[in-house]
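Working notes for the structure below.
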Amino acid sequence: MTGELLALASAGCFGVTHFVNGVIARRAPGLTVSLYAQLGGTLVTLVVAVVWSPPGLTGLLWGALSGVGTGIGVAFLYRAMSRDALSVVVPVSDVGAVVLPVVAGLAFLGERPSPAAIAGIVLALPAIWLVSGGGRPTGPGIRYALIAGAGFAVQFLAMKPVPLDAGLWPIVVSRAASVAAILPLVLTTRTPLTLRPRLAWPAAAAGALGSVAIVLYWVATHQQLLAVATVLAALYPAIPVVLALLFLGERLSRKQTLGVCGAAAALALLALA
Numbered sequence: 001m002t003g004e005l006l007a008l009a010s011a012g013c014f015g016v017t018h019f020v021n022g023v024i025a026r027r028a029p030g031l032t033v034s035l036y037a038q039l040g041g042t043l044v045t046l047v048v049a050v051v052w053s054p055p056g057l058t059g060l061l062w063g064a065l066s067g068v069g070t071g072i073g074v075a076f077l078y079r080a081m082s083r084d085a086l087s088v089v090v091p092v093s094d095v096g097a098v099v100l101p102v103v104a105g106l107a108f109l110g111e112r113p114s115p116a117a118i119a120g121i122v123l124a125l126p127a128i129w130l131v132s133g134g135g136r137p138t139g140p141g142i143r144y145a146l147i148a149g150a151g152f153a154v155q156f157l158a159m160k161p162v163p164l165d166a167g168l169w170p171i172v173v174s175r176a177a178s179v180a181a182i183l184p185l186v187l188t189t190r191t192p193l194t195l196r197p198r199l200a201w202p203a204a205a206a207g208a209l210g211s212v213a214i215v216l217y218w219v220a221t222h223q224q225l226l227a228v229a230t231v232l233a234a235l236y237p238a239i240p241v242v243l244a245l246l247f248l249g250e251r252l253s254r255k256q257t258l259g260v261c262g263a264a265a266a267l268a269l270l271a272l273a
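Reading the sequence shown from the start, the letters are residues 1 to 273 in the UniProt record's numbering.
Given below as structure tokens:
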């Protein structure tokens with residue numbers, strides 16, 4: 001499977017994860033949902049690593065840094081969602097998560113995408129914004145959304161240096177570090193630590209799928225430029241939109257329709273590249 005397809009598969013997994021947890025977060029505190037999701041992701045990767053991946057120390061520090069970014073990103077994204085419209089905070093956090101890795105790839109890693117790839121990257125940024133609803137970037141949750149975007153950018157950037165022969169243990173450390181990053185926020189905000197079982201199990205399962213997304217993205221960065229892999233993985237907001245259409249009876253706005261068309265055009269350009 002090519003790097004482009006792996007990154008798109010990662011976007012699909014990220015999208016389903018956020019859709020499921022977004023629905024659950026309407027019925028329970030968002031921080032608690034994020035905690036259970038990361039616990040589920042940690043448990044699954046630990047079991048798989050014990051069975052199939054030999055223990056080793058390679059890449060563990062990068063994995064831990066990525067996990068801290070994940071924890072900060074998820075925690076502050078949910079805090080932003082509690083203070084502002086999803087159509088505002090999701091695109092702010094997602095665009096922030098894309099811009100920093102793209103700049104790092106171009107400025108520090110010496111990446112030189114083709115003209116078609118650059119055009120696809122440039123087109124993808126407003127498409128991400130529009131497909132999420134294209135709300136105005138004002139409101140009390142914007143500061144948290146910007147912090148979330150920085151956290152997700154660290155998540156993306158820190159996975160790139162992890163060698164593929166390191167096995168899954170850096171992913172285990174990443175998931176565990178995300179739990180460690182979220183738990184103090186849960187405790188200091190006096191958020192409940194427990195979820196009802198009928199909400200806890202889906203949240204954990206969605207978190208496990210989020211771990212699959214991280215693995216797919218990690219492999220994609222070793223088969224494709226960091227800038228391209230990050231942009232493709234960050235197209236995940238289109239997935240909750242589609243799922244909301246199918247299962248929640250929601251309708252596309254004109255901005256979202258334009259965003260979906262823009263995302264399709266960006267994908268075509270990146271595929272040509």
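C-beta: ideal position from N, C-alpha, C; glycine also.
Assuming contact is defined by CB atoms lying nearer than 8 Å, are residue i and residue j in contact in what I supplied?
i: A153; j: P101; result: yes
i: L130; j: K255; result: yes
i: S53; j: W169; result: yes
i: I128; j: V95; result: yes
i: V179; j: G30; result: no
i: V228; j: G149; result: no
i: A124; j: L235; result: yes
i: R83; j: G167; result: no
i: A49; j: L195; result: no
i: G56; j: L270; result: no
i: F19; j: I239; result: yes
What does the alpha-carbon distance come out to for the pair residue i and residue j?
i: V33; j: A206; result: 10 Å
i: V162; j: G59; result: 5 Å
i: T2; j: A11; result: 14 Å
i: A104; j: T191; result: 36 Å
i: A116; j: A266; result: 9 Å
i: L35; j: L226; result: 28 Å
i: L106; j: I118; result: 11 Å
i: G73; j: R175; result: 13 Å
i: V215; j: L183; result: 23 Å
i: A7; j: V242; result: 18 Å
i: V260; j: E111; result: 27 Å
i: T257; j: C13; result: 22 Å
i: V47; j: H222; result: 24 Å
i: L61; j: A181; result: 15 Å
i: T189; j: T230; result: 32 Å
i: G22; j: Y217; result: 22 Å
i: S114; j: E4; result: 14 Å
i: L252; j: A263; result: 14 Å
i: Y78; j: R26; result: 11 Å
i: V99; j: A177; result: 24 Å
i: L109; j: I147; result: 24 Å
i: K160; j: A244; result: 32 Å
Could you round the C-beta distance between residue i and residue j to whole angstroms and report it? I think they count as a contact, below 8 Å.
i: V16; j: L209; result: 6 Å
i: A145; j: A80; result: 4 Å
i: I24; j: A204; result: About 10 Å separates the two Cβ atoms, so there is no contact after all.
i: L65; j: A158; result: 4 Å
Buried or exposed for residue i, please, with buried defined as at least 16 other CB atoms from any protein chain shown within 10 angstroms of its CB.
i: A233; result: buried
i: P197; result: exposed
i: F156; result: buried
i: G237; result: Here residue 237 is Pro; the residue named in the question, Gly, does not match the sequence. P237 comes out buried.
i: V212; result: buried
i: A268; result: exposed
i: V173; result: buried
i: G63; result: buried
i: G40; result: buried
i: G249; result: exposed
i: V51; result: exposed
i: L193; result: exposed
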